[in-house]
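Colleague: Sharing a structure below in structure tokens format, with a few things to ask.
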Amino acid sequence: MPRLLPLLLLMLAPVLPASAQPQESSRFFPYTLKTTKLPNGLTVVRVPFNSPGIVAYITSVRVGSRNEVEPGRTGFAHFFEHMMFKGTKSNPEGQRERILGGYGFDDNAFTTDDITVYQAYGPTAGLPQLIALEADRFQHLEYSEPSFQTEALAVLGEYHKSAAAPDLKMEESLAKTAFTRHTYQHTTLGFYDDIKAMPQAYAYSRTFFERWYTPANITLFIVGDFDDAQVLEAVTKHYGNWKRELATVAIPAEPAQTKARAVHVDWAQP
0 MPRLLPLLLL MLAPVLPASA QPQESSRFFP YTLKTTKLPN GLTVVRVPFN
50 SPGIVAYITS VRVGSRNEVE PGRTGFAHFF EHMMFKGTKS NPEGQRERIL
100 GGYGFDDNAF TTDDITVYQA YGPTAGLPQL IALEADRFQH LEYSEPSFQT
150 EALAVLGEYH KSAAAPDLKM EESLAKTAFT RHTYQHTTLG FYDDIKAMPQ
200 AYAYSRTFFE RWYTPANITL FIVGDFDDAQ VLEAVTKHYG NWKRELATVA
250 IPAEPAQTKA RAVHVDWAQP
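Below is the structure:
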């Protein structure tokens with residue numbers, strides 16, 4: 000499984016143009032890519048790889064903190080990294096994790112300025128079940144307002160924990176100084192005041208999810224030991240009827256910098 004990690008890091012670079020044809024390997028990426036774009040816009044990249052009995056399944060959503068354009072609504076890309084584990088009507092909270100845990104899958108997620116990535120590594124024997132579970136939660140995520148509010152407070156706690164070290168303060172100050180209009184001016188955690196107000200933003204959370212969690216905004220990466228025809232058939236079966244449209248939201252352009260900027264961060268000694 001560790002041998003897959005360098006390969007996956009390369010694959011999370013900007014996605015190659017989609018087609019139904021295999022792309023030959025090169026000296027930069029010495030593995031054959033098979034890329035298919037479904038009619039609903041979902042891109043499916045497969046890389047058969049010599050990892051007997053092991054597979055990696057990555058869902059890359061093209062949404063990060065840069066997409067948080069409304070004032071007072073920062074932090075939602077990272078917030079959904081948490082909410083995506085809340086379950087669906089078919090698979091209530093915790094059931095997905097129990098099923099995948101029974102196979103031995105390692106399951107996690109992370110958020111950056113530009114993308115949110117959901118990753119699972121485990122036995123090929125569990126891949127059909129994994130595909131069905133992932134398709135279900137990305138299409139049918141379900142959470143109540145109380146559950147939303149509880150998780151919003153957990154995110155606030157995560158911010159407080161991060162703020163106990165100088166790194167976050169430095170990162171926040173640098174971003175706010177370097178960018179005057181572009182949404183790179185806030186970190187993936189978001190502005191503190193926005194995070195504090197997040198428990199009252201349940202309705203907006205649904206808007207954010209419907210806006211960005213769409214098939215045309217997602218690329219699946221499947222890497223390892225699997226039957227390509229069977230995998231593509233399963234993905235088409237479980238994701239093919241997903242019909243959510245991708246929103247068009249302009250991100251403010253950053254004006255050219257005309258002079259030097261500097262910021263000094265004071266940090267009280269513990």
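At the far end of the sequence shown sits residue 269, using numbering that gives the first Met the number 0, and the numbering has no gaps. Backbone N, C-alpha and C define an ideal beta-carbon position, used for all residues, glycine too. All figures in this text were calculated on a predicted structure; none of them were measured in a lab.
Quick check: the Cα distance between L32 and Y158, rounded to an integer number of angstroms?
Modeller: Taking the Cα positions, L32 is about 39 Å away from Y158.
Colleague: Evaluate the contact criterion for the stretch 208-216 versus the stretch 242-254: three or more CB pairs, one atom per stretch, below 8 Å.
Modeller: yes
Colleague: Put A249 into one of helix, strand or coil per three-state DSSP.
Modeller: coil
Colleague: Looking only at its own chain, which residues have a Cβ that is under 8 Å from the Cβ of E253, when we skip the five neighbours before and after it?
Modeller: Within the same chain, and ignoring the five residues on either side of E253 in sequence, the residues whose Cβ sits closer than 8 Å to its Cβ are F178, T179, R180, H181 and Y183.
Colleague: Give me, in chain order, the residues of the same chain whose beta-carbon lies closer than 6 Å to that of D106; leave out the 5 immediate sequence neighbours on both sides.
Modeller: L99 and A119
Colleague: In the structure shown, what three-state DSSP assignment does D193 receive?
Modeller: helix
Colleague: Out of A164, D193, P127 and V44, state which residue places its alpha-carbon closest to the alpha-carbon of V264.
Modeller: A164
Colleague: For the stretch 42-57 and the stretch 220-227, state whether three or more C-beta atom pairs, one from each stretch, are separated by less than 8 Å.
Modeller: yes
Colleague: Once the 5 residues before and after V262 are set aside, which same chain residues still bring their CB inside 6 Å of it?
Modeller: S172 and T176
Colleague: Check whether the Cβ atoms of Y102 and G86 lie closer than 7 Å to each other.
Modeller: no
Colleague: Quick one: using the 10 Å Cβ neighbour count with 16 as the cut-off for buried, is L8 buried or exposed?
Modeller: Residue placement at L8 is flagged as unreliable, the pLDDT there being 49, under the threshold of 50; the coordinate-derived value follows with that caveat. It is exposed - the Cβ of L8 has fewer than 16 other Cβ atoms within 10 Å.
Colleague: Using three-state DSSP, classify G121 as helix, strand or coil.
Modeller: Of the three classes helix, strand and coil, the one that applies to G121 here is strand, per DSSP.
Colleague: Terminal residues of the continuous alpha helix (DSSP H) containing F79?
Modeller: Its alpha helix (DSSP H) spans residues F75 to M82.
Colleague: When DSSP labels each residue in this structure, what does P91 get in the three-state scheme?
Modeller: strand
Colleague: What did DSSP end up calling K85 once you bin it into helix, strand or coil?
Modeller: coil
Colleague: What would DSSP say about Y212, mapped onto helix, strand or coil?
Modeller: coil
Colleague: Consult DSSP for P165 and reduce its assignment to one of helix, strand or coil.
Modeller: In the structure shown, P165 sits in a helix (DSSP, three-state: H, G or I).
Colleague: Residues bridged to G223 by DSSP?
Modeller: P47 and V54
Colleague: If you count every other CB in all the chains shown that lies within 10 Å of the CB of T186, and 16 or more means buried, which is it?
Modeller: Under this definition T186 is a buried residue.
Colleague: Buried or exposed: which applies to F104, given that a residue is buried once 16 or more other Cβ atoms fall within 10 Å of its Cβ?
Modeller: Around the beta-carbon of F104, 16 or more other beta-carbon atoms lie within 10 Å, marking it buried.
Colleague: Between the alpha carbons of Q229 and R97, how many angstroms are there, rounded?
Modeller: Q229 and R97 have their C-alpha atoms some 24 Å from each other.
Colleague: Among residues of its own chain, excluding the 5 on either side of K168, which ones have a beta-carbon nearer than 6 Å to its beta-carbon?
Modeller: V264
Colleague: Once the 5 residues before and after S66 are set aside, which same chain residues still bring their CB inside 8 Å of it?
Modeller: What sits at residue 66 in the sequence shown is Asn, not Ser. Result list for N66: A76, T182, W211, V248 and I250, in chain order.
Colleague: For the alpha helix (DSSP H) containing F137, list its first residue and its last residue.
Modeller: L126 to H139
Colleague: Give the secondary structure of I114 by DSSP, where H, G and I count as helix, E and B as strand, and everything else as coil.
Modeller: coil
Colleague: Ordered along the chain, which non-local residues of its own chain (more than five positions away) have a Cβ less than 8 Å from that of E141?
Modeller: K85, G86, T87 and K88
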